[in-house]
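These notes are about the structure you will find just below.
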Amino acid sequence: MARLSLLAALAACAPGICYGKIKIDAMRHDIQSITPKNFDGIINKFRDSSVSAIWYYKDDNKADIAFMDEYNKVAGELKGMAKVTAVNCNEFDVFCGKQGITTTPTVMINPPNPIPTFKYEGKLEQKAISGKVARFLTDMGTKVTKDNVDDFLTKDHSKPKVLLFSKSKSTPSIWKALSSETVFKRTMKFGFVSEEEKDIVQRFKITKFPSVVMQRGGQAAVKETYKGDMNFLALKEWVNLHSESGMGDKVAGAAGGKEESVEESKPWLVQEVPELTVKSSNDVCFKGEGLCVIYLKDGDLSQTETDMLTGLSKRFTSNLADRGAKMKWMWMNLAIETNFKELFSPTQMPSAVVFNPHKRLRFNLMDHGEDGEIKGDEQGLTKLMDKVLGGDARFKMVPGQKLPAWAAREAKAAGKKEL
């Protein structure tokens, strides 16, 4: 009989509520109980970088009992992203009084400094409270556009870059929380790409949203697509696998100001078909083995042309793999590099040259035919490559074995980080 009474009593205890009182259990709830002794260590210590919520309750108050499940849902939704805590004012009435608590349930929100703590005045519902707390999550990521994508991918190139591709126009809470996580904010770089950025979406071959891609390694050697669940804890676990390898060099700015990277932006390291300029020339052409296939344009390279050249590069790389030959593909804007236009003297554009940068500088220019019938397209480039690889191409020496002067280019303004 005693055993039946015990079972009945246990059955009467709803999750978190027993004998008409609230009991927060760390094994069953996502809410973190705090006391006056650990308040500073859990809340105040992290005010500079994180947001938290505190529910002041009385464990025997009917309104608090009714609110318990809803607040636990908030804690579950924001688990790992924000601290969702609670203080029992029946147990710590003096402390609650010092915090200005006169009635319960009361939810106080602590945004990152210098924004002061304030009382939440909205509906005591999960969606409303979660939304209010999430508004104050710090965004340390970058909104990536076609104007800053190369800069984002190549600055701090020792740090892995993680990109979220989304149909949303604004950065979601999960991504803000990941970007400002204590370790990740030092070791990784987070970027947000809206579906509207068609060029970047096409470049990374994104076909579904949301998608998360990590790029890491020298010259962006590894691109890995996340295949797990789209929630904070799962993403955090995946990102954490590579966070320690991303410790980029940092130096303090003038007067101890904002940290600056000692690594210069090198967009050509991540471009499928890099532009040949004075800054990129050693990395993409003149240093290392192989011949340089230079696509000549009188202006910018289009995405269609990029795709064509990428396809040709992969095709000929595969064909040459067992022959010890190497071809490096790139393009040059002759509207800017006018001295090289004079050197190569193409009869029409687009055109191409195969350039040998080793020992004796020499090049072979695409032959467009007597009537200009051979174009600088996929067919024309294939014909040029077959001619060079077949040993039938005649290379012309660079006069005086000295390259023309490169065009002086103004540095682009640093991309502004959007929060």
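Numbering (mature numbering (1 follows the signal peptide of the UniProt record, and there is no 0)), first residue to last: -20 to -1, 1 to 399. All residues carry an ideal CB built from backbone N, CA and C; glycine is no exception. Computed from a prediction, not measured in an experiment: that's the story for all the values here.
- Between the region 89 to 105 and the region 134 to 154, the count of C-beta pairs closer than 8 Å stays below three; the two stretches do not touch.
- In this structure, the beta-carbon distance from PRO247 to THR134 falls below 8 Å.
- Cβ contact annotation for LEU323 (same chain, cutoff 6 Å, sequence separation greater than five): PRO384, in chain order.
- Here the alpha carbon of SER146 sits roughly 37 Å from the alpha carbon of ALA46.
- For GLU176, the number of other beta carbons within 10 angstroms of its own is below 16, and it is reported as exposed.
- Here the C-alpha atom of GLU353 lies approximately 59 Å from the C-alpha atom of VAL163.
- Between ILE34 and MET88, the CB-CB gap stays under 8 Å.
- LEU143 sits buried, since 16 or more C-beta atoms from the chains shown fall within 10 Å of its C-beta.
- For ASN344, the number of other beta carbons within 10 angstroms of its own is at least 16, and it is reported as buried.
- Excluding its 5 nearest sequence neighbours in each direction, SER110 has C-beta neighbours in its own chain below 7 Å: VAL54, GLU57 and LEU58, listed in chain order.
- For TYR51, the enclosing alpha helix (DSSP H) covers residues 42 to 57.
- In this structure, the beta-carbon distance from MET168 to LYS188 does not fall below 8 Å.
- The Cβ atoms of ILE274 and MET307 lie no closer than 8 Å to each other.
- Excluding the 5 residues flanking it on each side, VAL193 has same chain C-beta neighbours closer than 8 Å at VAL142, LEU143, PHE145, PHE184, ILE186, LYS203, GLU204, THR205 and TYR206, in chain order.
- LEU158 counts as buried, since no fewer than 16 other beta carbons sit within 10 angstroms of its beta carbon.
- Residues of the same chain with a CB within less than 6 Å of the CB of ASN336, apart from the 5 flanking positions on each side, are LEU271 and ARG342 in chain order.
- Between the alpha carbons of LYS63 and ALA114 lies a distance of about 11 Å.
- Beta-bridge partners of LEU144 (DSSP): PHE172 and VAL192.
- Under DSSP, the beta-bridge partners assigned to GLU255 are TRP311.
- Between LEU213 and VAL253, the CB-CB gap reaches or exceeds 8 Å.
- Between GLY279 and ALA315, the beta carbon gap of about 5 Å places them in contact (Cβ cut-off 8 Å).
- The DSSP-derived three-state label of MET329 is coil.
- Judged by DSSP secondary structure, THR362 falls within the alpha helix (DSSP H) whose first and last residues are 358 to 369.
- Rounded to whole angstroms, GLY349 and GLU358 show a C-alpha spacing of 16 Å.
- Our two residues, GLN328 and LYS277, have alpha carbons roughly 10 Å apart in a direct line.
- Going by beta carbons, VAL250 and VAL173 fall outside the 8 Å limit.
- With a beta-carbon spacing of about 5 Å, VAL368 and VAL334 fall inside the 8 Å limit used to define contacts.
- When DSSP states are grouped into helix, strand and coil, VAL113 belongs to the helix group.
- Sequence-distant Cβ neighbours of CYS76 in its own chain, meaning closer than 7 Å and more than five residues away, are TYR36, VAL67 and CYS69.
- Proximity to THR318 across THR297, GLY121, GLN283 and ALA388 peaks at ALA388, based on C-alpha coordinates.
- A distance below 6 Å between beta-carbons, with the five flanking residues on each side excluded, links MET346 to the following residues of its chain, in chain order: SER331, ALA332 and LEU364.
- Residue burial annotation: LYS38 is buried, with at least 16 other C-beta atoms found within 10 angstroms of its C-beta.
- Proximity to GLY60 across GLU217, SER293, ASP287 and LYS355 peaks at GLU217, based on C-alpha coordinates.
- Contact annotation: GLY171 and THR122 have beta-carbon atoms nearer than 8 Å.
- Annotation: GLU204 is outside any alpha helix (DSSP H); the continuous beta strand (DSSP E) that includes it extends over 202 to 205.
- A Cβ-Cβ distance of about 7 Å is found for the pair VAL31 and ASN90, placing them in contact under the 8 Å criterion.
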